[in-house]
C-alpha cells in the first residue's frame, strides 16, 4: 500500500525525475511549507513574481512535489506528467535545436512537450531576452496551454507591467492576465 511514509522512502528518486539536483536537495533538506491559494486548481495558469531570493522557485517546486506525492500515493503518478524548466534554458534549447536541425523532429518534440505536458513550470521568465521569433514560439506555447486548460506555473522577478516593458511585447503578459492568477511573493517563507 502506498502511503506518505512509503512516498518518503522513494522521495529523492521520484523528485529527480522532475527537478535538477539542487532543487531536489533543497526540497529534501529544507523545511518548506507553502500556502496554496484557496482558488488554485489544476488547469490554470499561475504567475508568481517577486524580488530575487524570495523563494519563487522553491514555492513552485514544493507545489509540484505535493502533486507528485498525491499522485504517487493514489497510483496515478507518471514522471512525464511534469516538466520543471528554467525559461532561459528552455528557450535556448529550442533555439539551438531549431538552428541545428531546422524544423526537425527534435524541435517539434520539444515544442509539443512544452505545449502538452500536464504540468509545466517555467522558472525565471525574464532572465534572458528572447528575440521576436522566440516570443512568437513562447506565446504559441502559452496560448495553447491556456486554450486547453493545462496547468502552467511561471515565476519571474518582474510584475506584468515590467515584463511587458522588458519583452517589448504585450501578448504574453496579456495572456497571463487573462489566463490565471498573478501572485506576488514577498519572502521565501510567506
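Residue numbers (the working numbering): 2 to 191.
By construction, the Cβ of each residue, glycine as well, lies at the ideal position given by its N, Cα and C atoms.
Buried versus exposed, by CB contacts within 10 Å (16 or more), residue i
{"i": "residue 152", "result": "buried"}
{"i": "residue 146", "result": "buried"}
{"i": "residue 131", "result": "buried"}
{"i": "residue 25", "result": "buried"}
{"i": "residue 37", "result": "exposed"}
{"i": "residue 31", "result": "exposed"}
{"i": "residue 129", "result": "exposed"}
{"i": "residue 57", "result": "buried"}
{"i": "residue 16", "result": "buried"}
{"i": "residue 7", "result": "exposed"}
{"i": "residue 44", "result": "exposed"}
{"i": "residue 4", "result": "exposed"}
{"i": "residue 162", "result": "exposed"}
{"i": "residue 59", "result": "buried"}
{"i": "residue 95", "result": "buried"}
Sheet register partners of residue i (DSSP bridge)
{"i": "residue 52", "result": "Partner(s): none; residue 52 has no beta bridge."}
{"i": "residue 46", "result": "153, 181"}
{"i": "residue 87", "result": "124"}
Separation of residue j from residue i, as counted between CA atoms
{"i": "residue 150", "j": "residue 181", "result": "10 Å"}
{"i": "residue 173", "j": "residue 165", "result": "8 Å"}
{"i": "residue 97", "j": "residue 143", "result": "20 Å"}
{"i": "residue 91", "j": "residue 171", "result": "21 Å"}
{"i": "residue 41", "j": "residue 28", "result": "21 Å"}
{"i": "residue 178", "j": "residue 13", "result": "35 Å"}
{"i": "residue 93", "j": "residue 137", "result": "14 Å"}
Spatially closest choice to residue i from the options, by CA coordinates
{"i": "residue 186", "options": "30, 33, 48", "result": "48"}
{"i": "residue 176", "options": "6, 92, 46, 73", "result": "46"}
{"i": "residue 168", "options": "42, 139, 115", "result": "139"}
{"i": "residue 10", "options": "148, 59, 74, 39", "result": "74"}
{"i": "residue 100", "options": "114, 71, 134", "result": "134"}
* Asked: Taking one C-beta from the region 105-116 and one from the region 61-77 each time, how about it: are there three or more such pairs within less than 8 Å?
  -> No contact exists between the region 105-116 and the region 61-77.
* Answer yes if the region 153-160 comes into contact with the region 50-64, meaning at least three C-beta pairs across the two stretches below 8 Å, and no otherwise. => Yes: at least three Cβ pairs fall under 8 Å.
* Asked: Touch check for the region 112-121 and the region 79-86: three-plus C-beta pairs under 8 Å?
  -> These segments touch.
* Any chance the region 121-131 sits against the region 81-95, with 3 or more Cβ pairs inside 8 Å? -> The answer is yes - the region 81-95 touches the region 121-131, with three or more Cβ pairs under 8 Å.
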